[in-house]
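Participant:
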């Protein structure tokens with residue numbers, strides 16, 4: 001609760017773009033801070049990559065020309081326009097999400113250029129096609145263009161992590177973090193308001209877990225009046241300011257500073273702090289000999305850490321302004337035009353993309369949670385553990401960009417680390433029944449199921465009649481308001497997160513290019529079985545933790 005405001009910030013940062021007949025998609029977007037002390041979401045909305053920037057246009061033009069020069073099978077069809085949309089949900093701070101939203105498009109285009117350069121160095125078009133066909137074995141959807149785009153999306157997520165290690169980018173991350181801290185400096189927290197209203201907040205333990213217990217002011221307290229208040233203040237030896245500070249420190253004391261990911265208790269009046277063990281100071285003073293031993297032990301540990309730092313085995317620091325100490329989920333949706341239009345989705349984390357197909361919701365991604373059997377297997381193999389649904393008792397997601405603290409096992413590749421940025425990439429053909437795509441962070445999906453969100457948006461759009469980008473923007477704002485909780489305590493944390501939502505409408509030219517017999521399958525890139533798309537990740541939470 002320490003990371004919640006006394007009152008939610010419901011002002012929206014909204015935008016719209018694209019135009020029927022000129023771009024292959026149009027969109028509306030809205031972001032709302034809500035109950036959180038800071039806004040840690042960020043997004044990208046680019047209805048036309050060709051018109052987004054001269055650099056993007058140049059890259060796509062060179063790729064298209066490369067295809068025509070080499071052969072029809074080289075890198076074809078990049079002359080068609082593409083739309084790129086993404087949502088990045090930050091944790092620990094806004095640093096990584098903001099940095100990625102500013103730089104991801106260039107990172108993706110750079111990866112496309114690299115694939116082209118590799119092809120020119122001796123990989124024949126046929127050889128490239130053969131290599132990528134193993135990653136996209138479904139012949140009904142395979143083309144060199146589609147495979148190259150899937151590969152570029154997949155590799156670009158890993159490229160993001162590498163880019164953030166550079167010193168100039170670290171400095172930029174720090175600036176984002178400092179700006180976020182300024183924004184929350186004068187915020188009144190939920191705990192402050194609760195204490196000011198006469199309530200009490202206590203730290204309790206249940207089943208080996210630490211909780212905050214919110215005790216409301218009773219009628220007896222009111223009858224006791226000032227005497228009871230004075231007795232209460234003097235009796236526990238802690239004034240309201242000290243109590244609020246202590247409670248706030250406990251509530252926001254998760255590793256990486258992220259109360260957002262803290263687990264929730266089963267009752268309304270108890271909110272679990274976090275699944276990381278909370279060390280408490282002994283009330284009794286230790287004997288001097290024990291203190292001396294502790295001091296010597298601490299010095300030895302500090303020396304060991306310094307040596308490890310010098311050897312490069314540990315990050316120098318894991319401050320939330322660094323890519324070690326903070327991270328972000330990432331879901332990127334690429335809409336590709338042309339004679340065979342497709343949608344390609346890359347996802348790492350629990351932000352999500354969903355398409356409305358004839359009124360029915362179809363997921364384009366699945367959430368990456370530590371309790372998922374394959375995710376848990378990777379985490380344990382990398383030396384981590386899962387407890388209370390969290391990686392090493394901290395993060396309750398298993399893939400993200402950033403979070404480099406969890407990506408240091410040198411003998412393992414990037415995709416095998418405890419937390420990995422390696423995304424699942426899926427591709428589907430656009431069909432005549434396709435209407436719109438919803439791309440949102442978990443602040444939306446915690447309040448709505450896939451179908452509920454699609455129904456909400458579809459009903460609003462049908463009521464509006466003539467749908468424009470302004471209509472889409474308004475519906476995004478309405479969806480944020482719909483998912484917002486009235487009170488964090490009563491909702492047990494649901495509806496209290498930052499919220500970001502994009503609604504992307506597919507143009508009539510895209511749907512007219514799609515054939516009536518277009519295969520609507522959603523295919524996982526990489527040649528592996530797609531075991532989890534459409535499955536509820538909550539079903540795995542009942543599994544025994546290690």
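Numbering (UniProt numbering), first residue to last: 1 to 546. Backbone N, C-alpha and C define an ideal beta-carbon position, used for all residues, glycine too.
1. Considering Cα atoms alone, identify which of 41, 324, 106, 114 is closest to residue 94.
2. Using a Cβ-Cβ cutoff of less than 6 Å, which residues in the same chain neighbour residue 35 once the five nearest sequence positions on both sides are dropped?
3. Near residue 409, which residues of its chain fall below 7 Å by C-beta distance, leaving aside the five closest residues on each side in sequence?
4. Going by the CB atoms, is the gap between residue 325 and residue 91 shorter than 7 Å?
5. Determine the closest residue to residue 446 out of 162, 100, 466, 484, with distance taken between C-alpha atoms.
6. What first and last residue would you give for the alpha helix (DSSP H) that runs through residue 456?
7. Is the separation between the beta-carbon of residue 29 and that of residue 509 shorter than 7 Å?
8. Below 8 Å on the Cβ atoms is my guess for residue 432 versus residue 347; work out the distance and round it to an integer in Å.
9. Excluding five sequence neighbours on each side, which residues of the same chain lie with their C-beta closer than 7 Å to the C-beta of residue 550?
10. Helix, strand or coil for residue 43? Go by DSSP, reduced to three states.
11. For residue 547, which of 462, 494, 413, 170 has the nearest alpha-carbon?
12. Please return the same chain residues whose Cβ sits closer than 7 Å to the Cβ of residue 503, not counting the five positions on each side in sequence.
13. Give the straight-line distance between the Cα atoms of residue 49 and residue 206, rounded to the nearest whole angstrom.
14. Below 7 Å CB to CB, which residues in the same chain sit around residue 111 once its five sequence neighbours on both sides are set aside?
15. Report the residue from 333, 412, 363, 421 whose alpha carbon sits nearest the alpha carbon of residue 451.
16. Note the first and the last residue of the continuous alpha helix (DSSP H) segment covering residue 508.
17. What three-state label does DSSP hand residue 27 in the structure shown?
18. Which ranges does the alpha helix (DSSP H) cover as unbroken runs of at least 4 residues, wholly within the region 385-451, from first to last along the chain?
19. Excluding five sequence neighbours on each side, which residues of the same chain lie with their C-beta closer than 8 Å to the C-beta of residue 135?
20. Check each candidate in 513, 481, 507 and name the one with the smallest Cα separation from residue 12.
21. For residue 460, count the other beta carbons within 10 Å of its own beta carbon; 16 or more makes it buried, fewer makes it exposed. Which is it?
22. For the alpha helix (DSSP H) containing residue 156, list its first residue and its last residue.
23. Where residue 506 and residue 200 are concerned, what is the direct C-alpha to C-alpha distance, given to the nearest angstrom?
24. Look up residue 487 in the DSSP assignment and say whether it is helix, strand or coil.
25. Using alpha carbons as the reference points, say which of 99, 138, 85 lies closest to residue 529.
26. Go through its chain and collect everything with a Cβ distance to residue 519's Cβ below 8 Å, but skip five positions before and after it.
27. Apply the 10 Å Cβ neighbour rule to residue 341 and answer buried if 16 or more other Cβ atoms are within range, or exposed otherwise.
28. Would you say residue 547 and residue 88 are within 7 Å of each other, going by their C-beta atoms?
29. I'd like the span of the alpha helix (DSSP H) that includes residue 373, first residue to last.
30. Find out if the Cβ-Cβ distance for the pair residue 399, residue 366 is shorter than 7 Å.
31. Quick one: grab the DSSP three-state call for residue 521.
32. Sorted by chain position, which residues of the same chain lie with C-beta nearer than 6 Å to residue 15's C-beta, five sequence neighbours on each side aside?
33. Can you check whether the CB of residue 425 is closer than 7 Å to the CB of residue 82?
34. Please determine, among 401, 109, 334, 177, the residue with the shortest C-alpha to C-alpha distance to residue 349.
35. Give the straight-line distance between the Cα atoms of residue 168 and residue 203, rounded to the nearest whole angstrom.
36. Quick one: what does DSSP say residue 347 is sitting in, helix, strand or coil?
Facilitator: A quick look at the data gives this:
1. Translated into the one-based positions of the chain shown, residue 94 becomes position 94. Comparing Cα-Cα distances from residue 94 to each of 41, 324, 106, 114, the minimum goes to 41.
2. As a working mapping, residue 35 is identified with position 35 in the chain shown. Cβ neighbours of residue 35 beyond the five flanking positions: 4, 5, 8, 488, 496.
3. By 1-based counting over the chain shown, the position of residue 409 is 409. If we look at residue 409 and ignore the five residues flanking it on each side, its Cβ neighbours are 382, 383, 417.
4. Counting from 1 along the chain shown, the entry for residue 91 is found at position 91. Counting from 1 along the chain shown, the entry for residue 325 is found at position 325. Cβ atoms of residue 91 and residue 325: not closer than 7 Å.
5. Translated into positions along the chain shown, residue 446 becomes position 446. Residue 446 has its Cα closest to that of 484, out of 162, 100, 466, 484.
6. Position 456 of the chain shown, counted from the first residue, corresponds to residue 456. 450-464 is the extent of the alpha helix (DSSP H) around residue 456.
7. Locating residue 29 in the chain shown gives position 29, where the first residue counts as 1. Locating residue 509 in the chain shown gives position 509, where the first residue counts as 1. No, the pair does not count as a contact, with Cβ atoms beyond the cut-off.
8. Working through the chain shown from its first residue, we reach residue 432 at position 432. Working through the chain shown from its first residue, we reach residue 347 at position 347. About 26 Å separates the two Cβ atoms, so there is no contact after all.
9. Lying before the first or after the last residue shown, residue 550 is absent from the chain, which here runs from 1 to 546.
10. Sequence index remark: in the chain shown, residue 43 carries index 43 (1-based). Of the three classes helix, strand and coil, the one that applies to residue 43 here is strand, per DSSP.
11. Residue 547 lies beyond the range of the chain shown here (1 to 546); nothing can be said about it.
12. For this step, residue 503 is matched to residue 503 along the chain shown. Excluding residues within five positions, the ones whose Cβ falls inside 7 Å are 27, 28, 436, 438, 457, 472, 475, 476.
13. Within the chain shown, the letter at position 49 stands for residue 49. Within the chain shown, the letter at position 206 stands for residue 206. Taking the straight line joining both Cα atoms gives about 53 Å.
14. Here residue 111 refers to the residue found at position 111 when the chain shown is read from its first residue. Cβ neighbours of residue 111 beyond the five flanking positions: 152, 155, 156, 159.
15. Position 451 of the chain shown holds residue 451. For residue 451, the nearest C-alpha among the options comes from 363.
16. Reading the chain shown from its first residue, position 508 is the one you call residue 508. Note, residue 508: alpha helix (DSSP H), 508-513.
17. Position 27 of the chain shown, counting from 1, holds the residue named residue 27. Three-state DSSP puts residue 27 in a strand.
18. 442-445
19. Here residue 135 refers to the residue found at position 135 when the chain shown is read from its first residue. 147, 150, 151, 525, 526, 527, listed in sequence order.
20. Start at 1 with the first residue of the chain shown, and residue 12 comes out as number 12. It is 481.
21. Within the chain shown, numbered from 1, the residue matching residue 460 stands at position 460. Answer is buried; the Cβ neighbour count reaches 16.
22. The residue you call residue 156 lines up with position 156 of the chain shown. 144-164 is the extent of the alpha helix (DSSP H) around residue 156.
23. As a position in the chain shown, residue 506 is number 506, starting the count at 1. As a position in the chain shown, residue 200 is number 200, starting the count at 1. Straight-line Cα distance between these residues: approximately 52 Å.
24. Taking the chain shown and counting its residues from 1, the one referred to as residue 487 is at position 487. Of the three classes helix, strand and coil, the one that applies to residue 487 here is coil, per DSSP.
25. The count along the chain shown starts at 1 and reaches residue 529 at position 529. Of the candidates 99, 138, 85, the one whose C-alpha sits nearest the C-alpha of residue 529 is 138.
26. The residue you call residue 519 lines up with position 519 of the chain shown. Cβ neighbours of residue 519 beyond the five flanking positions: 140, 141, 429.
27. Sequence index remark: in the chain shown, residue 341 carries index 341 (1-based). Buried, because 16 or more other Cβ atoms sit within 10 Å of the Cβ of residue 341.
28. With the chain covering 1 to 546 only, the question about residue 547 has no answer from this structure.
29. As a first step, residue 373 is located in the chain shown; it is residue number 373 there, counting from the start. Counting along the chain, the alpha helix (DSSP H) containing residue 373 begins and ends at 373-381.
30. Locating residue 399 in the chain shown gives position 399, counting from the first residue. Locating residue 366 in the chain shown gives position 366, counting from the first residue. No; because the gap between Cβ atoms is not below 7 Å, this pair is not in contact.
31. Reading the chain shown from its first residue, position 521 is the one you call residue 521. Here residue 521 sits in coil by DSSP.
32. Start at 1 with the first residue of the chain shown, and residue 15 comes out as number 15. If we look at residue 15 and ignore the five residues flanking it on each side, its Cβ neighbours are 29.
33. Your numbering for residue 82 matches position 82 in the chain shown. Your numbering for residue 425 matches position 425 in the chain shown. No. Outside cutoff.
34. The residue you call residue 349 lines up with position 349 of the chain shown. Residue 349 has its Cα closest to that of 401, out of 401, 109, 334, 177.
35. Here the question's residue 168 lines up with position 168 in the chain shown. Here the question's residue 203 lines up with position 203 in the chain shown. Near 42 Å, if we compare the C-alpha coordinates of residue 203 and residue 168.
36. Start at 1 with the first residue of the chain shown, and residue 347 comes out as number 347. DSSP places residue 347 in strand when its eight states are reduced to three.
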